[in-house]
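J.:
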Amino acid sequence: MRAISNTILNCFILTISIVVHRLIIRFFDLPINNSLIYWVSFVVIFGVFNLFIALIITPIRK
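Numbering (the working numbering), first residue to last: 97 to 158.
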């Protein structure tokens, strides 16, 4: 059951990260043709969301 909840949580985080990433790319008019900036920014956003969710959810689960 824990694996299913982790999978659902990661899918939710991934979806939120995609939306926020697209908004940031469009808002700051970052170059989409530069794939390094595009993918590094996505990985950073996903990592930050994952860290925040882990810090919030982990104390609740214990």
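Don't be surprised by glycine CBs; every beta carbon is placed ideally from N, CA and C. These numbers were taken from a predicted model, which means no experiment stands behind them.
#1: If the criterion is Cβ atoms closer than 9 angstroms, does the pair Ser-137 and Ile-112 meet it?
#2: Would DSSP call Leu-126 helix, strand or coil?
#3: So Ile-149 and Leu-110 are supposed to be a Cβ contact under 8 angstroms. How far apart are they, rounded?
#4: Suppose the cutoff is 8 angstroms on Cβ atoms and the five residues either side in sequence are ignored; what does the same chain contact list for Ala-99 look like?
T.: Well, looking at it:
#1: No, the Cβ-Cβ distance between Ser-137 and Ile-112 is not below 9 angstroms.
#2: In the structure shown, the three-state DSSP call for Leu-126 is coil.
#3: Taking 8 angstroms as the upper bound for CB-CB distance, Ile-149 and Leu-110 are not in contact here, some 11 angstroms apart.
#4: Excluding its 5 nearest sequence neighbours in each direction, Ala-99 has no C-beta neighbour in its own chain below 8 angstroms.
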